Amino acid sequence: MSKVNINELEKKCIDMKKELAALKMQVMLGQDKDSAKVRKLRREIARAKTLIHMSRREELNNA
407 MSKVNINELE
417 KKCIDMKKEL
427 AALKMQVMLG
437 QDKDSAKVRK
447 LRREIARAKT
457 LIHMSRREEL
467 NNA
């Protein structure tokens with residue numbers, strides 16, 4: 407995941423946020439019983455955001 411460029415990570419993060427909203431709704435409505443998926447997806451989003459932030463800081467430090 408760390409070899410992906412920033413733009414791709416941002417797009418992936420947006421897609422995961424949309425997926426998270428849909429998954430939360432399914433869990434609330436009782437359509438999906440696995441609430442652990444929500445936690446896993448939130449952690450994936452956090453990892454992507456961390457990589458984006460680290461890449462941007464690295465760019466600023468190298469500039």
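Start counting the sequence shown at 407; every next residue gets the next number (my numbering). Quick reminder that beta carbons are idealized off the backbone N, C-alpha and C, glycines included. As the structure is a computational prediction, the values presented were derived from the model and not from experiment.
In chain order, what residues of the same chain have a beta carbon less than 7 angstroms from the beta carbon of residue i, not counting five sequence neighbours either side?
| i | result |
| --- | --- |
| L415 | A454, L457 and I458 |
| V433 | S441 and V444 |
| N468 | none |
Looking only at its own chain, which residues have a Cβ that is under 8 angstroms from the Cβ of residue i, when we skip the five neighbours before and after it?
| i | result |
| --- | --- |
| I412 | I458, S461 and R462 |
Would residue i and residue j be called neighbours here (beta carbons separated by less than 8 angstroms)?
| i | j | result |
| --- | --- | --- |
| L426 | D438 | no |
| I451 | M431 | no |
Considering only C-alpha positions, which residue in the set the options is nearest to residue i?
| i | options | result |
| --- | --- | --- |
| I420 | L447, K443 and D440 | L447 |
If I measure Cβ to Cβ from residue i and keep anything under 6 angstroms in the same chain, skipping five residues before and after, which residues do I get?
| i | result |
| --- | --- |
| R449 | none |
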